[in-house]
Amino acid sequence: MSDDWAKQRTEAAREHAARLAARQDAEHARAEAMLAEFVADATAARLPPEPLQVKGYGGRGAARTPLRGWYLRHDRTVAVSTDGDFYVLTAPLSLVDRVRGVRPTPSRPPLVLGAGGKDGDSIDLADALARLLPR
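For the sequence shown, full-length UniProt numbering assigns the number 135 to the last residue and increments by one with no breaks.
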């Protein structure tokens, strides 16, 4: 009987993980579509992109990147590039990184920026994007 129970629990955990992954994929896909629409709207509105920088952890310097785009948070820790890619712009930076610059890797975007952080630190992606576009 305990073997059956263990198998059932293992299968239930697998199913739960599969459902969670599917839900996360759907959320990322929605966020990616929102970013693509924003880039098209920003380009049409002639909203100028700016050079993007990576901030060091704990405010320890900054490094330039080859990217241009729009910062999505006031603290400039996340951005969307002109290609529609989402970037988290914080990293451990060495002295060499600060001098030579870095090339961050794009991430899958969330629907809520800063979710799970301190109160007042999160913002819906839709609100962050709407705030940037001219009215």
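C-beta: ideal position from N, C-alpha, C; glycine also. Remember, predicted model here, so these are calculated numbers, not experimental data.
- In this structure, the straight-line span from the alpha carbon of Glu37 to that of Val96 is close to 36 Å.
- When rounded, the separation of the alpha-carbon atoms in Val78 and Ser122 is 12 Å.
- Pairing Asp3 with Leu113, the inter-Cα distance amounts to about 43 Å.
- Within the DSSP bridge table, the entry for Lys55 names Ala62, Thr90 as partners.
- Scanning its chain for C-beta atoms nearer than 7 Å, with the 5 sequence neighbours on each side dropped, one finds around Ala128 the residues Leu72, Arg73, Leu113, in chain order.
- The residue from Leu20, Asp25, Leu133 with its alpha-carbon nearest to that of Ser107 is Asp25.
- The beta carbon of Gly84 lies closer than 6 Å to those of Leu35, Ala36, Val39 in the same chain, with the five residues before and after it left out.
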